[in-house]
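A short worksheet on the structure shown next.
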Amino acid sequence: MKILDVRVDDVTYAETVQWVASKIDAGGTHLIATVNPEFIMRAQNDAAFAKVLDEAALNVPDGVGVLWAAKRMGQPMRERVAGSTLLPMLCERAAAEGWRVFFLGAANGIAEQAAHLMQARFSKMQIAGAYAGSPGAMHDDDLVRRIADTHADIVFVAYGAPAQDKWLARNLPRIARFTQSGIVGIGVGGTFDFIVGRRKRAPVWMQRLSLEWLHRLVQEPSRWRRQ
Ligand code: UDP
Numbered sequence: 029m030k031i032l033d034v035r036v037d038d039v040t041y042a043e044t045v046q047w048v049a050s051k052i053d054a055g056g057t058h059l060i061a062t063v064n065p066e067f068i069m070r071a072q073n074d075a076a077f078a079k080v081l082d083e084a085a086l087n088v089p090d091g092v093g094v095l096w097a098a099k100r101m102g103q104p105m106r107e108r109v110a111g112s113t114l115l116p117m118l119c120e121r122a123a124a125e126g127w128r129v130f131f132l133g134a135a136n137g138i139a140e141q142a143a144h145l146m147q148a149r150f151s152k153m154q155i156a157g158a159y160a161g162s163p164g165a166m167h168d169d170d171l172v173r174r175i176a177d178t179h180a181d182i183v184f185v186a187y188g189a190p191a192q193d194k195w196l197a198r199n200l201p202r203i204a205r206f207t208q209s210g211i212v213g214i215g216v217g218g219t220f221d222f223i224v225g226r227r228k229r230a231p232v233w234m235q236r237l238s239l240e241w242l243h244r245l246v247q248e249p250s251r252w253r254r255q
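According to the numbering used here, the residues represented by the sequence shown are 29 to 255, in order.
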C-alpha cells in the first residue's frame, strides 16, 4: 500500500528473513528500507529520497505511526518490522546459512563492537567486515572496494535516513559489479548504537504501549522537528 505516496510492504519479521534468504540465493542487488513516519515526511520534499524508496526492493513498516496510518486507511498491516529487531534475526539466520555480514556506519569503532556482539550471540556468524566510513559520495569508491573485497552477502548501513538509503541505492550495484555476485543492503539507522548500549531502546512496557517515539524524543530532544 501507499502512505502519502510512499510504498510500504505488509510483511512480517519471518517473511522478511525468508525474503532475504531467497534474494541471496537468487543473486542481484536488493535494497531494504525500514520505513517509519520520519521517512514518509522526508520523502514529501526530497525527490531523490522518494525515488530511492520507490525503487527499493522491500519497504518494511517500521514504526507504529505507519501501522496507525495503514489501519486508518482501511488496509491494516500485520506487524511492525523494526530494523533494530530485524538485524539480530538476520544475524541468526546468517549464522545458520553461512552468509557473510558487513557492518557499515555509526561513530568510529561502533560497527566493530556491534559486529562482535552479534558474533558472540550467534557464534557461527561470519563477519565480512565492520567499518564506520562516511556517507558522503566522495568516500563511495573506497567503501565500495572495501566491501566488495570481503564478498559480503548482506550489508547493514547505519548512517540514518535518508543518507543510508541513498548510499545503498548508489553503491549496492557497484559492489555487485565488482564481486559479480548478489548482495542485500539494509539501512538500519541507530541500530548499532542500540546494540552496543550507547543508546537505549525504550523499556519493553513502553514499546508495548507504542511509546518508543516518546522515549527517543526524551533522550534526544532535537528529534522533535523530525518527529
Ligand atoms: N551516522 C553516521 N554518519 C553520519 C551521520 C550519522 O555514522 O554522517 C550514524 C549515527 O552515528 C547513528 C546512525 O547514523 O549511529 C543513525 O542515527 P539516527 O538516529 O539519525 O537514525 P534513525 O535511527 O533515526 O534512522
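Just so you know, even glycine gets a beta-carbon here, dropped at the ideal spot from N, CA and C.
What's the gap between the Cα of residue i and the Cα of residue j?
i, j, result
"GLN147", "ILE155", "8 Å"
"PHE77", "MET234", "30 Å"
"ILE60", "HIS144", "23 Å"
"LEU114", "VAL34", "21 Å"
"MET101", "CYS119", "34 Å"
"GLY164", "ARG128", "25 Å"
"VAL224", "GLY217", "14 Å"
"GLY188", "ARG251", "13 Å"
"VAL183", "VAL172", "11 Å"
"MET117", "PHE222", "15 Å"
"VAL88", "PHE220", "19 Å"
"ILE214", "PRO104", "24 Å"
"ASP37", "GLN72", "18 Å"
"TRP195", "LYS99", "31 Å"
Is residue i near the ligand ATP, judged by its Cβ being under 7 Å from some heavy atom?
i, result
"PRO104", "The ligand ATP is not among the ligands present in this structure, which contains only the ligand UDP."
Taking the alpha helix (DSSP H) that residue i belongs to, which residues open and close that run?
i, result
"PRO65", "65 to 72"
"LEU154", "The amino acid at residue 154 is misidentified as Leu; the sequence shows Gln. Looking at the DSSP string, GLN154 is not in any alpha helix (DSSP H); the run it does join, the beta strand (DSSP E), is 154 to 159."
"ILE50", "This sequence places Ser at residue 50; Ile is not what is there. Here the alpha helix (DSSP H) through SER50 covers 41 to 54."
"GLU248", "First-last for GLU248: undefined, no H or E at that position."
"VAL80", "75 to 83"
In terms of residue numbering, what span does the beta strand (DSSP E) encompassing residue i cover?
i, result
"GLY262", "No answer is possible for residue 262: it lies beyond the span of the chain, which begins at 29 and ends at 255."
"LEU86", "86 to 89"
If residue i sits next to residue j, beta carbons under 8 Å apart, how far is it from one beta carbon to the other, in whole angstroms?
i, j, result
"VAL7", "VAL94", "There is simply no residue 7 to check, as the chain begins at 29 and stops at 255 in what is shown."
Could I get the ranges of all uninterrupted beta strand (DSSP E) runs contained in the region 169 to 227, with 3 residues as the minimum, in chain order?
With a minimum length of 3 residues, the continuous beta strand (DSSP E) runs that stay inside the region 169 to 227 are 182 to 186 and 211 to 215.
Write down every uninterrupted run of the alpha helix (DSSP H) in the region 108 to 149 whose length is 4 residues or greater and which is fully enclosed by it, in chain order.
The qualifying runs are 111 to 125 and 138 to 149.
Within the chosen definition, does the region 156 to 169 reach the region 134 to 144 through at least 3 CB pairs nearer than 8 Å?
With a cut-off of 8 Å, the region 134 to 144 and the region 156 to 169 count as touching, because enough Cβ pairs lie within range.
Answer yes if the region 30 to 48 comes into contact with the region 194 to 210, meaning at least three C-beta pairs across the two stretches below 8 Å, and no otherwise.
The region 194 to 210 is not in contact with the region 30 to 48.
Touching or not, the region 203 to 218 and the region 167 to 176, by the rule of three or more beta carbon pairs under 8 Å?
The region 203 to 218, when compared against the region 167 to 176, does touch it at the 8 Å Cβ threshold.
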